[in-house]
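Structure record follows, encoded as structure tokens.
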Amino acid sequence: MALFSKLFAKIRSGSLSSQDWLELERSLIESDLGARSAHEVIELAKKVKGESLEDSVTEILETWLSAQDRTIANAPDRTTTILVVGVNGTGKTTSVAKLAQLLHSRGSSVMVAAADTFRAAAIEQLQTWGGRIGIPVVAGKAQGDPASVAFDAISQAISSNSNYLIIDTAGRLHTKSGLMDELEKIRRVVEKISPIDEVLLVVDATTGQNGITQAKTFAEKLHVTGLIATKMDGSTKGGIALAIERETGLPVKFVGTGEGIGDLQVFDSKRYLHGLISD
Amino acid sequence: MFDSLSSKFSSAFASLRKKGRIKSGDLTEILDEIRLALLDSDVALEVADSFIERINARTANSLDEINRGINPSQAVFDIVHEELVAILGGTARRIRYAKVAPTVILLTGLQGAGKTSLAGKLAKYLKDQGNTPILVASDLQRPNAVTQLQVVGESVGVPVFAPEPGNGIGDPVKVAKSGLAFAKDKQHNIVIVDTAGRLGVDAELMAQARNIRDAVNPDEVLFVVDAMIGQDAVKTAQAFLDGVGFDAVVLTKLDGDARGGAALSITEITGRPIMFAATGEKVGDFDLFYPDRMASRILGLGDVQTLAEQAKKAFDGESAAKLEEKFASGDSFTLDDFLSQLEAMKKMGSMTKLLGMLPGMNSGAMKKQLDNFDESELVRTQAIVQSMTPAERTDPKILNGSRRVRIAHGSGRQVSEVNSLVERFTQAQKVMKQMRNGGGLPAGMALPPGMALPPGAGKAPGGQKPPKKKSRSGNPAKRAASS
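Chains A and B supply the protein sequences, listed in that same order.
Quick note, the first sequence lines up with residues 0 to 278 if you use numbering that gives the first Met the number 0.
Quick note, the second sequence lines up with residues 0 to 482 if you use numbering that gives the first Met the number 0.
As structure tokens, then:
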């Protein structure tokens, strides 16, 4: 979308018409930032005199980013436990594998727990990944109790002195309160042994405004500490990520950019915002 | 689904209804509100704009005529309704079967849209209609997608053709081709090919999808899409249309609070109808998509047709007839009858889902109540009745104190709950008798219009348990069954 750059060129010559502003607003709406927010940005940007339009829009959007720490937790003298949650099909299992690979490549010992006992073959999927990375995978029976898998996993992680334990959970729509309670139970059971340091919510970057409700509901139920935005390599600009940050204050920590095991990147806000408005 | 859209539509029209005559300013106001509601629900921007434009064209120019009518706001409402049906694709579309079997169905879509789960649901749906489908595992990309399809196939009792282990090994085009040959050989009349998820921008994988398509020459290519998708729906749908082409759309995850904008956009953008909708994690949570019913739901009119159909499925004709006869003949309605009603209701699916299909149930306060509905209430009630002896079920009058204590113990409930159930039931019996004798509804009993009286429709005694839930739960089933 060369639209923005076209307009950026225009503003320097000082000839932005109301039609141009409208087009700007439309392109922001089309990034899934949300109609109201898009309108707000444009109204604010209109008031900024001089300077480059790109800079002023970026500055406005920057204020909406979460101020929270984006680095992954690291407990120095015990196992750091990460719980990965999200709705169905966002890419939790793949993200768990990628995150394990990332931490593993940084020299940490990592264990993963296949607590998605619901979806057919989710356990096998994680085991396959674990085999490829070369890390242990703790699994129970299909359709078994996810909390007991998590319990076994944390016990094993501690006894084997793992630096990290990453727990994969079954996808659940945030509207299913019974399933949301199940997550609470997993947390409770694990924390009987050791605290959970990170709860990462996996959000599909192609999601629309529903993503905000997802984030809010998960955050209400669990102490969510950050997000992983997946499928950022598609045609979406992932405006929902910024919308979620603005609404909930939760920081995006990682971005999924492909199907390969190495396709997980630390969130780079500059690059993200640039992609949102410039490409 | 569509809850937020639905409640915004109702509030917009509520303000319009207060006006006797509609001025053009009122129209602009409501159209602005609707546009924002559509965008908030992830309807593609261009679709939202053209939708508003069409309604505007039909209303603004004929405002005088509309105002001359008996009910101007209703006239506008009708226009919006018609346009909604149109945007959703008009009429329901069914699978086109091949003239010479097997009919080949190819599933495509983004990663995580729910193709593999859907393959199982679709297979079950077709099998239940007397077909002999087979699933072909052509997703060799995602780790253990093949295993997943095998498990799914087994759970619905449909064979799975999976010669390759997947996990990056094997050629999906070859698998699809040999799957088709295998199906012909074994005389399966439908072949469902599951493929790997791919992004619209991935040229290589799109080419592969094309190759699979050309290898099996499908009768239907279905584009599977997550109902929660945002504005990217436009680009993704277009990319799949250009890349592999598709004949119809399947919406998944409609059971969340998806705003469903994608449903409204995709048909309009691609010109391809939505054929199916998946509404839950169970294999049976799947149905044909009816644009008119969906439009009614969005506008808060409910979806009584689907409700009636599900009721018909759950109540076999015989038991419904028996119940009706009982009602007419004056035989007393026993707790046994009540129990069989409860069981039939449970067969119909979750109460929240069912009640959500009633008109007005998706707005504001109702919606809240619905969300808080405790599904296990039915199970508890069932447990209480099941803990009674046959004699007690036929004649609840014999339920003295010690019997009630025994029942409470047996069902693991409190005596007060047993009392409340019995009281509600006796009330309902009385009401039914009164109705039969032509006495009409007793004063103070507010029931939705057109509803026959269910068991347990009496007023709440002391309000210990929320009987409202149960009384309502009885309504639709009963009415649908006897209609």
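C-beta atoms are modelled at their ideal positions from N, C-alpha and C, and glycine is treated no differently.
Chain B within 7 Å of residue i, Cβ atoms only
i, result
"residue 100(A)", "no"
"residue 25(A)", "yes"
"residue 209(A)", "yes"
"residue 20(A)", "no"
"residue 172(A)", "yes"
"residue 234(A)", "yes"
"residue 255(A)", "no"
"residue 259(A)", "no"
"residue 85(A)", "no"
"residue 325(A)", "The structure shown does not extend to residue 325(A), since chain A spans only 0 to 278, so no value can be given for it."
"residue 279(A)", "Not covered by the structure: residue 279(A). The range shown for chain A is 0 to 278."
"residue 88(A)", "yes"
Within 7 Å, strictly: CB atoms of residue i and residue j
i, j, result
"residue 32(B)", "residue 11(B)", "yes"
"residue 175(B)", "residue 135(B)", "yes"
"residue 92(B)", "residue 218(B)", "no"
"residue 133(B)", "residue 158(B)", "yes"
"residue 231(A)", "residue 204(A)", "yes"
"residue 38(B)", "residue 34(A)", "yes"
"residue 238(A)", "residue 30(A)", "yes"
"residue 169(B)", "residue 88(A)", "no"
"residue 188(B)", "residue 130(B)", "yes"
"residue 119(A)", "residue 414(B)", "no"
CB contact below 7 Å: residue i versus chain A
i, result
"residue 335(B)", "no"
"residue 16(B)", "no"
"residue 231(B)", "yes"
"residue 143(B)", "yes"
"residue 198(B)", "yes"
"residue 4(B)", "no"
"residue 150(B)", "yes"
"residue 146(B)", "yes"
"residue 38(B)", "yes"
"residue 287(B)", "no"
"residue 126(B)", "no"
"residue 234(B)", "yes"
"residue 44(B)", "yes"
"residue 256(B)", "yes"
"residue 41(B)", "yes"
"residue 35(B)", "yes"
"residue 210(B)", "no"
"residue 11(B)", "no"
"residue 344(B)", "no"
"residue 85(B)", "no"
"residue 227(B)", "yes"
"residue 166(B)", "yes"
Residues of its chain near residue i, where Cβ-Cβ distance is below 8 Å and the 5 sequence neighbours each way are ignored
i, result
"residue 91(A)", "83, 84, 85, 115, 167, 168, 170 and 201"
"residue 215(A)", "246 and 247"
"residue 26(B)", "55, 58, 59, 62 and 75"
"residue 126(B)", "132, 155, 156 and 157"
Cβ separation of residue i and residue j, assumed to be a contact under 8 Å, to the nearest whole Å
i, j, result
"residue 200(B)", "residue 212(B)", "Between residue 212(B) and residue 200(B) the Cβ distance is about 19 Å, and since that is not below 8 Å, they are no contact."
"residue 189(A)", "residue 228(A)", "Actually they do not touch by this definition, with Cβ atoms about 25 Å apart."
"residue 229(B)", "residue 208(A)", "7 Å"
"residue 570(B)", "residue 407(B)", "Given that chain B is displayed from residue 0 to residue 482, the structure contains no residue 570(B) and the question cannot be resolved."
"residue 23(B)", "residue 62(B)", "6 Å"
"residue 190(B)", "residue 101(B)", "5 Å"
"residue 256(B)", "residue 174(A)", "5 Å"
"residue 161(B)", "residue 148(B)", "7 Å"
Cutoff 6 Å; reference residue i; Cβ partners in own chain excluding five residues on either side
i, result
"residue 382(B)", "410"
"residue 224(A)", "197 and 198"
"residue 165(B)", "139, 144 and 145"
"residue 155(B)", "119, 122, 123 and 282"
Residues of its chain near residue i, where Cβ-Cβ distance is below 7 Å and the 5 sequence neighbours each way are ignored
i, result
"residue 99(A)", "109, 111, 132, 134 and 165"
"residue 45(A)", "20"
"residue 402(B)", "391"
Neighbour list for residue i in chain E, Cβ cutoff strictly below 8 Å
i, result
"residue 230(A)", "This model lacks chain E altogether, as its protein chains are A and B."
Contact the segment 239–259 of chain B vs the segment 20–34 of chain B: 3+ CB pairs below 8 Å: no
Could you tell me whether the segment 66–74 of chain B touches the segment 268–284 of chain B, using the rule of 3 or more Cβ pairs below 8 Å? no
At least three beta-carbon pairs within less than 8 Å, the segment 61–70 of chain A to the segment 130–146 of chain A: no
Count the CB pairs spanning the segment 177–196 of chain B and the segment 97–115 of chain B that are closer than 8 Å, and state whether there are at least three. yes
Check whether the segment 287–297 of chain B touches the segment 231–245 of chain A, taking contact to mean three or more Cβ pairs, one atom from each stretch, closer than 8 Å. no
Counting pairs of Cβ atoms below 8 Å between the segment 149–158 of chain A and the segment 65–72 of chain A, do you hit three or more? no
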